[in-house]
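J.: Submitted below is the structure of interest, expressed as structure tokens.
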């Protein structure tokens with residue numbers, strides 16, 4: 001696991017901020033459509049929050065926050081702590097993270113199109129997602145062990 005992100009990944013992810021601000025909810029809605037093909041994963045989510053659109057909005061805001069602060073992750077400590085607490089509460093495990101990536105990355109391309117969501121953009125987001133997932137997994141593992 002890399003302990004830091006490459007400068008090019010940081011620059012590319014930050015550059016996607018405006019597109020995420022404009023299309024974030026469409027991306028997360030498309031992502032959840034893909035993700036919820038797995039009934040086990042779907043069962044981990046509050047479906048009322050899905051139907052109201054609240055969960056896609058929250059995730060879109062979190063993704064945008066990550067993109068805008070990827071070069072200053074300390075600004076996200078509070079958000080990360082809340083995610084960890086929620087993930088532990090709902091039983092998120094390390095094996096769930098690749099499923100989310102497999103739903104999120106194609107959703108980014110689907111919504112933004114290949115001209116914006118180039119291979120370089122998707123590769124940068126894959127690196128950034130994996131980096132954040134590893135942070136969350138480590139914190140969640142510690143929380144599960146402490147419980």
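Numbering (the UniProt record's numbering), first residue to last: 1 to 147. Cβ coordinates follow ideal geometry from the N, Cα and C atoms, glycine included.
Ordered along the chain, which non-local residues of its own chain (more than five positions away) have a Cβ less than 6 Å from that of residue 129?
T.: Counting from 1 along the chain shown, the entry for residue 129 is found at position 129. 101.
J.: Taking 7 Å as the limit between beta carbons, can you name the residues of its chain near residue 122, skipping five residues before and five after?
T.: As a first step, residue 122 is located in the chain shown; it is residue number 122 there, counting from the start. The residues are 105, 108, 109.
J.: In this structure, does DSSP put residue 70 in helix, strand or coil?
T.: Locating residue 70 in the chain shown gives position 70, where the first residue counts as 1. Here residue 70 sits in coil by DSSP.
J.: Quick one: Cα of residue 12 to Cα of residue 142, how far?
T.: Residue mapping note: residue 12 aligns to position 12 of the chain shown, counting from 1. Residue mapping note: residue 142 aligns to position 142 of the chain shown, counting from 1. Each residue's Cα considered, the two are about 31 Å apart.
J.: List, from N- to C-terminal side, the alpha helix (DSSP H) runs of 4 residues or more that fit wholly inside the segment 9-79.
T.: DSSP runs (the alpha helix (DSSP H)) wholly in the segment 9-79: 17-35, 39-42, 47-52, 54-69.
J.: For residue 15, which residues from the same chain have a beta carbon less than 7 Å from its beta carbon, with the 5 sequence-adjacent residues on both sides left out?
T.: Position 15 of the chain shown holds residue 15. The answer is none, since no qualifying residue turns up.
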